[in-house]
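Converting from the sequence shown to my numbering requires adding 1 to each position, the first position being numbered 1.
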Amino acid sequence: MFKFFKSFKTLLLFNVVILIVGIVIILIIDSHSGFLIKNISLLGETNSAEVYQQEINITFNKPIGKNFTTEKIKIAPDVKYKVDLLGNNVKVVFLENLNYSTEYIIDLSKVEDIFGNNLEKNTIFKFLTKEMFLSFVRYNAEIQEDSVVLLNLNTQKEEEIFRGKEIKLLSANNKFIVFTYKEDKNSRLNENIKIFNIATKNLETVKLNNFRVRKLTIDPNNSKILLIAQKIELQNINGKEIVVPSKDSPLQNLYELDIQTKKLKLLNIFESEASILDVWFMPSGNSILIKANAIFNPGYYYIYNLSTKNLQPLNAFLSLNSINSAQNKIVGINYNNLETYSSDTHIEIIDTNLDVTTTYLDSSVSDPIFKNKNDSIIFSKNYKNIETIRGPFEIIELQTNGDLIPILLLENYSLENPIISYDDSILVIEKFSIDSILNLFSTSEQTRENRDFIYHIKPGIADLIIFDMKEKNIIKELKNSFSAVFIR
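Encoded structure:
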């Protein structure tokens, strides 16, 4: 029996020695084998990569050395980024939006494995970002119809994706363009939502009976649309049939439309009755910003988390227009409540602590938006006092140091509703003639119904100015065009 234990111990010791020797041999072979990249992935394609929240995932065949630092990876053109390291994997997370139609070069030649070896080959990875697209509505006076147009800003090629009556309320992400329209002028109680798939060019329709849509916004990351809508009906008043809010549901409510299933769902956000006035998605898509006339807080804005159902009241604003890239500040406009007889509006910024910072100027302001790569604000500012009208406006930039930089002023015109591309290179502005503003409420002068922007009315038709932020000049003007959105 003792001989058995002695032979067993000898056999066990022999196996352990063989195992250790095998491991040492494997380590020696591995240390002398090549250090290689197994896989690289990114958002989009290598010849059409996303510019928004881009990430590059790199998998190596060996663990990365302990002396690895962010500086081991070089990226050109210059861009802010961070690097997350886990075993054989490196994730490059870009901290700002990339530029459109730009080749980026990632140099991995300084990256080492745990044995101090550099990459044997494929030390340079290149990718090209996607082209910039803009969608907008164009009015054709000859046939009195609207068109939704998709414009490639690199090639200047236009594509008409739909034509119909009274197209409005455009919204888009990187997959879909959505908008409302009427089948004909006589369809007073019905409104339709069109959903255009950018990749497949497929166009679908969701019909809404006895609804009037006031605003819609699409989830930046998913296939969901939120819309402010009011149920309506016809009522005979003095012998005329008039469209009025439904007796059963007179308030403006918030609905969620699933693009895939086409199911419409009512969102009950407030415990008591409240009329929803404004809504837009936060960049993450998990939360929304809404303005409501609730019983206790009329005119308040709220942040509502769609998952947790948490409702965070902010404050009363005329409008909140834009959130910064860090998602810790929201900019909007307001009146000065202490100056009873003043109608001038000013810029207000509310932060995550609910603190409000105010910027007063010497005249009214409108439509403020944050730039994407810093917290500078682009906005419209009144440049001439004309009684009875709101405006006319020029375009100004309020930089982070407080400096005011004039961008564009056109005499006898009002420049409003600025939107900026995701890489901050292109600014698109709506241009109104002063006459169109003077005749805003003259039905005899209207060729198209005015547009309601929550806190004020604007003409139904404008011209779009495409402005190069680097060269500081106008590169294109689109006649009878309006309601532009950049395709992310």
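Ideal Cβ placement from N, Cα and C applies to all residues, glycine included.
Same chain, Cβ closer than 7 angstroms to residue i, neighbours up to 5 away in sequence not counted
i, result
"R449", "Y140, G461, I462"
"Q400", "S377, I406"
"P284", "P221, I324, Q328"
"L170", "F180, T181, V214, K216, L217"
"L439", "I390"
"K131", "G45, S49, A50, E51, V52, Y101"
"L362", "H347, K382"
"L86", "I65, F69"
"V22", "Because the pLDDT of V22 is 47, which lies under 50, any placement of that residue in the model is unreliable, and the question is left without a value."
Beta strand (DSSP E) segment containing residue i, residue limits
i, result
"I331", "330-336"
"I226", "225-238"
"L87", "82-87"
"Q55", "Neither: Q55 is in no beta strand (DSSP E) and is coded neither H nor E."
"S422", "S422 -> no beta strand (DSSP E), and no H or E assigned at all."
"D279", "275-282"
"S42", "38-43"
"V244", "241-246"
"A395", "It is worth fixing the name first, because residue 395 is Glu in this sequence and not Ala. 394-399 is the span of the beta strand (DSSP E), which, as asked, contains E395."
"P314", "312-317"
"A485", "482-488"
"P64", "No beta strand (DSSP E) contains P64, which DSSP labels as neither H nor E."
"F116", "Where F116 is concerned, there is no enclosing beta strand (DSSP E), given that its DSSP letter is neither H nor E."
Cut-off 6 angstroms between Cβ atoms - residues of its own chain near residue i, not counting five sequence neighbours on either side
i, result
"W281", "T218, L290"
"N301", "This sequence places Tyr at residue 301; Asn is not what is there. The answer, listed in chain order, is P314, A317."
"K374", "E97, D425"
"S288", "I304, N306"
"F271", "A295"
"L228", "V214, L217, Y256"
"L479", "L465"
"E398", "S377, I379, I406, I408"
"V486", "S136, L171, A173"
"I458", "N451"
"K477", "I467"
Three-state secondary structure assigned by DSSP to residue i
i, result
"I107", "strand"
"T499", "Look at the range of the chain in this structure, 2 to 489, and you will see that residue 499 is not part of it."
"K471", "coil"
"T490", "Outside the displayed span of the chain (2 to 489) sits residue 490, for which this structure offers no information."
"L255", "strand"
"I387", "coil"
"T181", "strand"
"D220", "coil"
"Y302", "strand"
"E132", "coil"
"S49", "strand"
"S326", "coil"
"N141", "strand"
"Y456", "coil"
"S381", "strand"
"S172", "strand"
"A295", "strand"
"I430", "strand"
"G165", "strand"
"T206", "strand"
"K195", "strand"
"T346", "strand"
"A463", "coil"
"S32", "Legend: pLDDT at S32 = 47, less than 50; position of this residue unreliable, value from coordinates given subsequently. Three-state result, S32: helix."
"N153", "strand"
Residue span of the alpha helix (DSSP H) that contains residue i, given as start and end
i, result
"S491", "The chain is shown from 2 up to 489; residue 491 falls before or after that span and cannot be answered."
Expected contact under 8 angstroms - CB spacing of residue i and residue j to nearest Å
i, j, result
"D279", "K266", "Not quite, the Cβ-Cβ distance comes to about 20 angstroms (not below 8 angstroms), so this is no contact."
"S250", "K225", "Actually they are not in contact, since the Cβ atoms of S250 and K225 sit about 22 angstroms apart, beyond 8 angstroms."
"F134", "V150", "Their Cβ separation, rounded to whole angstroms, is 10 angstroms, which puts F134 and V150 out of contact at 8 angstroms."
"N418", "D453", "Rounded, the Cβ-Cβ distance is 13 angstroms, inconsistent with contact."
"K385", "L411", "Contact doesn't hold; Cβ gap of about 11 angstroms is too wide."
"T358", "I370", "About 16 angstroms separates the two Cβ atoms, so there is no contact after all."
"L312", "N335", "Contact doesn't hold; Cβ gap of about 21 angstroms is too wide."
"I1", "I199", "This structure gives no information on residue 1, because the portion of the chain shown stretches from 2 to 489."
"F61", "N89", "5 angstroms"
"I502", "Y414", "Residue 502 cannot be examined here, being either before or after the span of the chain that is shown, 2 to 489."
"R164", "V244", "Not a contact, Cβ separation roughly 25 angstroms."
"M470", "L428", "6 angstroms"
"E577", "L235", "Absent from the model: residue 577. The displayed extent of the chain is 2 to 489, so no value can be given."
"I430", "I455", "About 19 angstroms separates the two Cβ atoms, so there is no contact after all."
"K263", "V207", "5 angstroms"
Residue i: CB within 6 angstroms of a non-hydrogen atom of the ligand NAD
i, result
"G300", "The ligand NAD is absent from the structure shown, which contains no ligands of any kind."
Beta-carbon proximity list for residue i, same chain, < 8 angstroms, skipping 5 on both sides
i, result
"E113", "F36, I65, G66, N68, F69, K73, N119"
"E56", "L43, L44, K92, V93, V94, F95"
"D108", "I74, K75, I76, A77, T124, I125"
"L204", "I162, F163, K195, I196, F197, N198"
>> Taking contact to mean 3 or more Cβ pairs, one atom from each stretch, closer than 8 angstroms, check whether the region 345-358 and the region 401-416 are in contact.
In response: no
>> Pairs of beta-carbons, one from the region 180-196 and one from the region 58-74, closer than 8 angstroms: are there three or more?
In response: With a cut-off of 8 angstroms, the region 58-74 and the region 180-196 do not count as touching, because too few Cβ pairs lie within range.
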